[in-house]
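Sequential numbering from 10 applies to the sequence shown in my numbering.
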Amino acid sequence: MSKVWILFRREMTSFFYSPIAYSVMVGVLLMNGFSCVLLVRLLNDEPTNISVFYAFFNSFFAWLTLVVMVPLITMKLFAEEKKTGTYESLMTTPLDNGHYVLAKFFAGYAFYLLLWAPTAVYFLLIKAFAASPLDFAPVYGGFIGLALIGMLAISIGCFGSSLTANQITAAITTFALFGAMVLLSFLPITPWATGKIKDMFNYFSMISHMDELVLGMLDWRHVIFYVTTSIFFLFLTYKVVESRQWKS
Numbered sequence: 010m011s012k013v014w015i016l017f018r019r020e021m022t023s024f025f026y027s028p029i030a031y032s033v034m035v036g037v038l039l040m041n042g043f044s045c046v047l048l049v050r051l052l053n054d055e056p057t058n059i060s061v062f063y064a065f066f067n068s069f070f071a072w073l074t075l076v077v078m079v080p081l082i083t084m085k086l087f088a089e090e091k092k093t094g095t096y097e098s099l100m101t102t103p104l105d106n107g108h109y110v111l112a113k114f115f116a117g118y119a120f121y122l123l124l125w126a127p128t129a130v131y132f133l134l135i136k137a138f139a140a141s142p143l144d145f146a147p148v149y150g151g152f153i154g155l156a157l158i159g160m161l162a163i164s165i166g167c168f169g170s171s172l173t174a175n176q177i178t179a180a181i182t183t184f185a186l187f188g189a190m191v192l193l194s195f196l197p198i199t200p201w202a203t204g205k206i207k208d209m210f211n212y213f214s215m216i217s218h219m220d221e222l223v224l225g226m227l228d229w230r231h232v233i234f235y236v237t238t239s240i241f242f243l244f245l246t247y248k249v250v251e252s253r254q255w256k257s
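What follows is the structure, encoded as structure tokens:
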């Protein structure tokens, strides 16, 4: 695991030398800040039993942030090294492909979690200045949901980045794959989704998962779904990296 740690630190350091990473960081902060302010105003104008925290994690802005930020985080993970030729030099060292893929994944995932961390400050400010006590429980469930969804999203991003040496193409591929999964999450609310079919759609729906988690309904089936699906995309990434090694 020492090899994974060394590569992980190298990759994390590279994020902070990238102007795109800082642009993503600022964009996420602004988007989440705008979302919180807008939701507070809307809920003040139209009083409802819905918590501002519940509304945030289920808002259009939260999902838009996810769909846009993940491709920008992951697009350089593998594509950049293919373009610069660093990948070929790495493959001449006694480095296992699995360690290589895991280090990239953990670095992207850690940076993803880091981008969401400041959002907790917004919630603490809302709670501190609220006229009446607010239930903070949805925040815990919401962050668990973001962590699980992020695990899957970053693994998809790793796969998308491993397919090409062009970062823009990698970002578009990840956007298409992850965006499609988000769109499919709306299937449970379609008119023809009833009975067993609706239950099946709900199992694969990230939006349904987030809704339940924010309400405090942690189902281990959700955890299993995200872990196994993430492993699947990381396995695909591993096979792409392995095939490239054989070609070189």
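The beta carbon of each residue, even a glycine, is placed where N, CA and C say it ideally should be.
Taking residue 125 as reference, the option from 35, 161, 69 and 179 with the minimal CA-CA separation is 35. The alpha helix (DSSP H) runs lying completely inside the region 27-74 and spanning 4 residues or more are 28-54 and 61-66, given in chain order.
One Cα belongs to residue 213, the other to residue 40, and the distance between them is close to 27 Å. A Cβ-Cβ distance of about 4 Å is found for the pair residue 70 and residue 44, placing them in contact under the 8 Å criterion. Close CB contacts of residue 165 within its chain, under the 7 Å cut and outside five residues either way in sequence, are with 183, 186, 187 and 242 (chain order). Here residue 228 carries a coil assignment [DSSP, helix/strand/coil].
Counting only runs that start and end inside the region 183-218, the alpha helix (DSSP H) elements of at least 4 residues fall at 204-213. If the five residues before and after residue 129 are omitted, its C-beta is found closer than 8 Å to the C-beta atoms of 148 and 152, all from its own chain and listed in chain order. Annotation for residue 85: 176 place their beta carbon closer than 6 Å to its own, counting only its chain and skipping 5 residues before and after.
Going by C-alpha positions, residue 30 is about 8 Å away from residue 81.
About 19 Å separates the Cβ atoms of residue 223 and residue 76, ruling out a contact at the 8 Å cut-off. Classified as buried, residue 90 has 16 or more neighbouring CB atoms from the shown chains inside 10 Å of its CB. Per DSSP, residue 173 lies in no alpha helix (DSSP H) segment and is marked neither H nor E. Every unbroken stretch of the alpha helix (DSSP H) spanning 4 or more residues and falling wholly within the region 103-178 is given here in chain order: 106-125, 128-138 and 146-171.
Sorting 163, 215, 220 and 167 by C-alpha distance to the C-alpha of residue 60 places 220 at the top. No Cβ-Cβ contact shorter than 8 Å links residue 88 with residue 162.
Between residue 137 and residue 65, the alpha-carbon positions lie close to 17 Å from each other. CA-CA distance, residue 73 to residue 206, rounds to 27 Å.
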